[in-house]
Amino acid sequence: MAERERKGLVARWLEGKERDENYARSTLPTSRWGLFWDILKGRFGRLMLTNLLMLITFLPMILLIFFRVTQVWAQGEMGPFGAGLTVGVQAIPNIQGTAEYMMLQTDLLFFAGFILAGIIASIGISGGAYIIRNLIWTEGIFVANDFLRGIKRNFLNVFEAVLIFTVVLFLARFMGNLADFYVATGSSLAGWMVASKVVGYIFVAFFLLVCLWMISLGINYKQGPWALFRNAVVMTVGTFPQTVFFAVLALWPFLLALLTTGFFMTISIVLIVLLAFSYAFLVWMDYSQWAFDKFVNPNIGVAVGRGLYNKDKPATSSAQTTPEADSAAEKEYRRLIVAQGRSMLVSRPIKPIDDDIEIYQLPESFSREDLQKLRESKEMMEEDVKAYAEEHKNDERYIEYNRQFDERERALQEEESGKKKKKKQQPKPPKMLNKRS
109 MAERERKGLV
119 ARWLEGKERD
129 ENYARSTLPT
139 SRWGLFWDIL
149 KGRFGRLMLT
159 NLLMLITFLP
169 MILLIFFRVT
179 QVWAQGEMGP
189 FGAGLTVGVQ
199 AIPNIQGTAE
209 YMMLQTDLLF
219 FAGFILAGII
229 ASIGISGGAY
239 IIRNLIWTEG
249 IFVANDFLRG
259 IKRNFLNVFE
269 AVLIFTVVLF
279 LARFMGNLAD
289 FYVATGSSLA
299 GWMVASKVVG
309 YIFVAFFLLV
319 CLWMISLGIN
329 YKQGPWALFR
339 NAVVMTVGTF
349 PQTVFFAVLA
359 LWPFLLALLT
369 TGFFMTISIV
379 LIVLLAFSYA
389 FLVWMDYSQW
399 AFDKFVNPNI
409 GVAVGRGLYN
419 KDKPATSSAQ
429 TTPEADSAAE
439 KEYRRLIVAQ
449 GRSMLVSRPI
459 KPIDDDIEIY
469 QLPESFSRED
479 LQKLRESKEM
489 MEEDVKAYAE
499 EHKNDERYIE
509 YNRQFDERER
519 ALQEEESGKK
529 KKKKQQPKPP
539 KMLNKRS
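Residue numbers for the sequence shown follow the numbering used here, beginning at 109 and rising by one.
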């Protein structure tokens with residue numbers, strides 16, 4: 109007997125225990141948490157490749173951050189902040205507000221460049237988030253192809269979200285630096301500027317959440333720029349506690365890099381290079397799918413639970429459908445049946461070929477008499493078919509089919525005529541979302 113291969117700890121963790129029916133439908137994830145861990149373990153390589161593609165588009169933004177840190181450090185080392193403290197050093201009579209003014213000039217350049225870098229980063233976000241969404245929907249993916257397809261489909265929506273956030277960040281940072289300068293110089297407007305600084309940072313935090321929702325909504329639904337922003341604000345306000353929790357859970361590697369130094373910063377940099385971008389969008393897109401299933405999809409007739417296994421209906425698809433979706437499918441079925449027309453094979457009797465009537469076969473050398481026999485045999489067969497149809501035209505199956513078809517056709521005509529009459533009276537669809545094809 110061949111010996112069973114003994115796998116290592118990491119392999120057993122990724123693949124699961126032997127003989128546990130890992131690929132049986134009953135063991136597929138049934139919750140969003142389970143789906144998250146299933147993707148993280150089973151698609152780790154594709155997550156790393158997606159992270160690399162996104163990281164490339166974030167390189168200009170990373171270089172800008174490095175430039176700012178270096179610039180601030182150089183200003184602190186070379187600035188005239190120790191003037192007159194030692195013998196031989198030139199004394200500058202008044203350096204009040206100099207450091208704050210230098211920081212203001214540096215951040216004006218940096219955060220303006222941050223807006224341009226955000227446009228480049230939007231390319232990676234639109235492609236990478238599209239791949240993550242397809243993973244959550246348990247669809248087959250090809251990373252390179254889907255990355256390009258995601259850019260083509262979602263760039264404008266993602267660009268709008270990133271542009272709004274980077275502009276708000278630029279304005280908030282400008283107001284913050286201006287407040288620091290006025291406080292340092294003892295201006296009478298210092299109090300108002302400090303208040304504007306606090307309000308600005310609150311707006312940055314809020315619009316970060318709005319930006320995340322705009323990305324999710326833009327990738328999942330087709331909608332215009334204003335509708336996208338409005339719906340993102342609605343989702344942010346309506347799910348605020350959960351949104352804050354999952355935003356922190358998704359972005360903690362980046363917060364670790366911005367707020368720590370030394371060993372913890374090294375860990376965060378390694379995570380950013382290997383997995384942080386994919387991990388962040390996996391957490392966020394998984395959470396947003398839960399929110400869409402709970403608050404949006406049932407109201408617009410879209411199947412819920414995509415990517416999850418429904419234990420209650422093992423014989424059907426894992427996606428649950430709503431009455432609205434069933435009604436829409438029924439209407440579409442009726443339209444399809446009517447559009448194809450009445451089936452001539454089902455709507456009337458057709459005599460089966462089960463008798464001894466045959467068409468006369470012409471010999472190789474035939475005469476006028478043979479042609480007459482051929483014509484007579486054809487006429488006899490046509491009369492026999494007509495007689496059969498006349499005899500069976502009142503059979504129940506033909507009457508029932510024609511009755512159902514007439515009802516479908518009449519219902520569809522009434523529905524379309526009713527829509528035309530009420531078209532001017534109907535209000536525009538409110539707020540939430542149009543289904544993306």
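C-beta: ideal position from N, C-alpha, C; glycine also.
Cβ-Cβ distance between Gln204 and Thr293 below 8 Å: Contact flag set, yes.
Residue interval of the alpha helix (DSSP H) (run including Asp503): Counting along the chain, Asp503 falls outside any alpha helix (DSSP H), and DSSP gives it neither H nor E.
I need the DSSP call for Gly205, collapsed to helix, strand or coil. It is coil, neither helix nor strand.
What is the DSSP secondary structure of Arg518, counted as helix, strand or coil? DSSP, reduced to helix, strand and coil, places Arg518 within a helical segment of the structure shown.
Can you tell me whether DSSP reads Val270 as helix, strand or coil? DSSP, reduced to helix, strand and coil, places Val270 within a helical segment of the structure shown.
Is Pro361 buried or exposed, if buried means 16 or more other CB atoms sit within 10 Å of its CB? Pro361 is buried by the Cβ-count criterion.
Skipping 5 residues on each side, what residues in its chain have a beta carbon closer than 7 Å to that of Gln428? Confidence is the limiting factor: at Gln428 the pLDDT is only 45, short of 50, which leaves the residue's position unreliable, though a coordinate-based value still follows. Only Ala411, Val412, Gly413 and Asn418 meet the Cβ criterion.
Do you know offhand how far Leu546's Cα is from Thr206's? One cannot answer for residue 546 here, as it falls past the ends of the chain, which runs 109 to 545.
Using a 10 Å radius around the Cβ and a threshold of 16 neighbouring Cβ atoms, would you call Asp401 buried or exposed? Flag for Asp401 reads buried.
If I measure Cβ to Cβ from Ala423 and keep anything under 7 Å in the same chain, skipping five residues before and after, which residues do I get? Note that Ala423 has pLDDT 41, beneath the 50 cutoff, so the model's placement of it is unreliable and the number below is only indicative. Excluding the 5 residues flanking it on each side, Ala423 has no same chain C-beta neighbour closer than 7 Å.
Could you have a look at Leu336 and say whether DSSP puts it in helix, strand or coil? Helix, per DSSP.
Glu129: buried (16+ other C-beta within 10 angstroms of its C-beta) or exposed? Caution applies to Glu129, whose pLDDT of 42 falls short of 50 and renders its modelled position unreliable; the value that the coordinates give is listed next. By the neighbour-count criterion, in which a residue is buried when 16 or more other Cβ atoms sit within 10 angstroms of its Cβ, Glu129 is exposed.
Are the CB atoms of Thr546 and Gly236 nearer to each other than 8 Å? Residue 546 lies beyond the residue range present for the chain, which begins at 109 and ends at 545; the question has no answer from this structure.
Just the C-alpha distance for Phe311 and Ile408, rounded to the nearest angstrom, thanks. Straight-line Cα distance between these residues: approximately 31 Å.
Can you give the beta carbon distance from Asn262 to Asp254, rounded, assuming they're within the 8 Å contact cut? For a cut-off of 8 Å, the C-beta gap from Asn262 to Asp254 is around 11 Å, too long to register as a contact.
Euclidean distance between Cα positions of Trp334 and Thr344: If you take the alpha carbons of Trp334 and Thr344, they lie about 15 Å apart.
Using the beta-carbon count (16 or more within 10 Å), is Val378 buried or exposed? Exposed, because fewer than 16 other Cβ atoms sit within 10 Å of the Cβ of Val378.
Decide yes or no for the touch test of the region 135-152 against the region 387-400: beta carbon pairs closer than 8 Å, at least 3 of them. Counting C-beta pairs with one atom in each stretch, the region 135-152 and the region 387-400 have three or more that are closer than 8 Å, which means they touch.
Can you look up Ser386 in the DSSP assignment and give me helix, strand or coil? Three-state DSSP puts Ser386 in a helix.
Can you tell me where the alpha helix (DSSP H) with Arg140 in it begins and where it stops? Where Arg140 is concerned, the enclosing alpha helix (DSSP H) starts and stops at Arg140 to Gly150.
Distance check for Leu171 and Val216, CA to CA, integer angstroms please. The sequence as given places Leu at residue 216; Val does not occur at that position. The C-alpha of Leu216 lies about 16 Å from the C-alpha of Leu171.
Can you find the residues in the same chain that come closer than 8 Å, C-beta to C-beta, to Arg154, ignoring five residues on each side of it along the sequence? The beta carbon of Arg154 lies closer than 8 Å to those of Ile239, Leu243, Ile249 and Val251 in the same chain, with the five residues before and after it left out.
Looking at the unbroken alpha helix (DSSP H) that takes in Trp245, where does it start and where does it end? Where Trp245 is concerned, there is no enclosing alpha helix (DSSP H), given that its DSSP letter is neither H nor E.
State the Cα-Cα distance for the pair Leu297 and Val318, rounded to the nearest angstrom. Taking the straight line from one Cα to the other gives about 31 Å.
Where does Phe474 sit, in a helix, a strand or coil, going by DSSP? In the structure shown, Phe474 sits in coil (DSSP, three-state: anything other than H, G, I, E or B).
Considering just the uninterrupted stretch of the alpha helix (DSSP H) at Phe353, what are its terminal residues? Phe353: member of the alpha helix (DSSP H) spanning Phe348 to Leu367, first to last residue.
Ignore the nearest five residues each way along the sequence and tell me which others in Arg176's own chain have a CB closer than 8 Å to its CB. Once the five neighbours on either side are set aside, the close Cβ partners of Arg176 are Thr214, Asp215 and Phe218.
Ignore the nearest five residues each way along the sequence and tell me which others in Arg151's own chain have a CB closer than 8 Å to its CB. Leu243, listed in sequence order.
Do Thr165 and Gly226 have their C-beta atoms closer together than 8 Å? Contact check for Thr165 against Gly226 fails: the beta carbons are separated by 8 Å or more.
Can you give me the Cβ contacts of Val381 inside the same chain, cut-off strictly under 7 Å, excluding the 5 residues immediately before and after it? Short of 7 Å from the beta carbon of Val381, and not among the five residues preceding or following it, lie these beta carbons of its own chain, in chain order: Leu163.
For a quick check, are the C-beta atoms of Phe267 and Ser230 less than 8 Å apart? Against a cut-off of 8 Å, the Cβ pair of Ser230 and Phe267 comes out as a contact.
What residues in its chain sit with their C-beta under 6 Å from that of Ala587, if we drop five residues either side in the sequence? In the structure displayed, the chain extends from 109 to 545; residue 587 sits before or after that span and is not available.
Distance between Gly332 and Thr369 (C-alpha atoms, nearest Å): Cα to Cα, the separation comes out at about 42 Å.
Reference Ile458; option with closest CA among Asp478, Arg476 and Glu490: Minimum Cα-Cα distance from Ile458 among the listed residues Asp478, Arg476 and Glu490 corresponds to Glu490.
Just how far apart, CA to CA, sit Arg281 and Phe403? The alpha-carbon atoms of Arg281 and Phe403 are separated by roughly 35 Å.
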